[in-house]
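Counting in this note's numbering, the sequence shown runs from -9 upward without gaps.
Take a look at the structure below.
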Amino acid sequence: QVQLVESGGGSVQAGDSLRLSCAASGRTSSMAGMGWFRQAPGTEREFVATISRSGVTVYVASVKGRFAISRDNAKNTVYLQMNSLKPEDTAVYFCAAQSAVSSRYTFWGQGTQVTVSS
């Protein structure tokens, strides 16, 4: 099993920055890519960004140019640097890891709240 623990959420003003971290523990050798998802009240969870073990990144269009995902494989940690935050970025942000076997996002963190006020 893999355990994921997010940190770094909070309440900020529009235009501010936040950096989320997600530390993985347990059978981290079973992980492949890692990603971030978010869920705003009354909406479905949506993909935000992902990064492969080799560092290839993909972003949802709405955050491209503002958010940056990175990972430190030695520390089994993935980061999400969020700049120029907007009120519509308000959500619970979840870290997830893909299974190296199925490539599905199998492991999930508990989520961290990000609130952006105008």
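Ideal Cβ positions, reconstructed from N, Cα and C, are used throughout, including at glycine.
Residue i in three-state terms, based on DSSP
| i | result |
| --- | --- |
| Val(-8) | strand |
| Glu34 | coil |
| Val91 | coil |
| Ala121 | Not covered by the structure: residue 121. The range shown for the chain is -9 to 108. |
| Ala58 | strand |
Inter-residue Cα distance where the pair is residue i and residue j
| i | j | result |
| --- | --- | --- |
| Arg43 | Phe37 | 18 angstroms |
| Ser89 | Ser108 | 38 angstroms |
| Gly99 | Ser15 | 11 angstroms |
| Arg35 | Leu8 | 20 angstroms |
| Val2 | Thr105 | 6 angstroms |
| Met24 | Lys76 | 24 angstroms |
Rounded Cβ spacing between residue i and residue j (contact assumed at less than 8 angstroms)
| i | j | result |
| --- | --- | --- |
| Tyr114 | Ala86 | Within the shown structure, residues of the chain are numbered from -9 to 108, placing residue 114 beyond reach of any answer. |
| Leu(-6) | Tyr83 | Actually they do not touch by this definition, with Cβ atoms about 12 angstroms apart. |
| Ala13 | Asn63 | Contact doesn't hold; Cβ gap of about 12 angstroms is too wide. |
DSSP beta-bridge partners of residue i
| i | result |
| --- | --- |
| Asp79 | DSSP output for Asp79 lists no bridge partner at all. |
| Gln29 | Val82 |
| Thr18 | Answer is none; Thr18 lacks a bridge partner. |
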